[in-house]
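Q:
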């Protein structure tokens, strides 16, 4: 399974806060990677939680590719979930009240991970 995420927007939509990353989940292990050189291994529990959320999103017929609910100064997230030759694109906003619990878990995780990527990029530039 591969989950690609992009976080954009936020207060003043500062370009440096835009983050894109890819989660790769395989039987041998899982990791998340983002440019320019961020890479982190996921433990089994975190990998399972992401896999469960992605499966729930794919099974939820009310979650269709659509525009994210716009919440002022909130981050917007775009996800592409790929597994077994199938692909699903989903958008969601942080602070949105109208998304499924599984999509909310994915948004929460991507928000935390994007913050870690930004922090790592800042530390690397010093």
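Residue numbers (the numbering used here): 1097 to 1222. The beta-carbon is built from N, C-alpha and C at its ideal position, and this holds for glycine as well.
(1) Go ahead and pull the three-state DSSP assignment for residue 1181.
(2) Using a 10 Å radius around the Cβ and a threshold of 16 neighbouring Cβ atoms, would you call residue 1117 buried or exposed?
(3) Please name the residue, chosen from 1211, 1127, 1115, that lies closest to residue 1265 on a Cα-to-Cα basis.
(4) What is the DSSP secondary structure of residue 1137, reduced to helix, strand or coil?
(5) Check residue 1208 in the structure and name its three-state DSSP category.
(6) Exposed or buried, which one is residue 1190 when buried takes at least 16 other CB atoms within 10 Å?
(7) Which same chain residues end up closer than 6 angstroms to residue 1104 when comparing Cβ atoms and leaving out the 5 residues on each side of it in sequence?
(8) Which of the three DSSP states is assigned to residue 1099 in this structure?
(9) Return the bridge partner residues of residue 1147 from the DSSP annotation.
A: With the given structure in hand:
(1) Taking the chain shown and counting its residues from 1, the one referred to as residue 1181 is at position 85. Residue state for residue 1181 is assigned as coil, using DSSP reduced to three classes.
(2) Your numbering for residue 1117 matches position 21 in the chain shown. Around the beta-carbon of residue 1117, 16 or more other beta-carbon atoms lie within 10 Å, marking it buried.
(3) Summary: the structure shown does not reach residue 1265, with the chain confined to residues 1097 through 1222, and so no result is reported for it.
(4) For the purposes of this step, residue 1137 is identified with residue 41 of the chain shown, where counting begins at 1. Reduced to three states, the DSSP call for residue 1137 is strand.
(5) Within the chain shown, numbered from 1, the residue matching residue 1208 stands at position 112. If DSSP states are grouped into helix, strand and coil, residue 1208 belongs with the helices.
(6) Counting from 1 along the chain shown, the entry for residue 1190 is found at position 94. Looking at its Cβ environment, which holds 16 or more other Cβ atoms inside 10 Å, residue 1190 is buried.
(7) Numbered from 1 along the chain shown, position 8 holds the residue referred to as residue 1104. Hits under 6 angstroms: 1114, 1172.
(8) What you label residue 1099 is simply residue 3 of the chain shown in a count that begins at 1. Correct three-state label for residue 1099: strand.
(9) Position 51 of the chain shown, counted from the first residue, corresponds to residue 1147. Paired residue(s): none; residue 1147 is not in a bridge.
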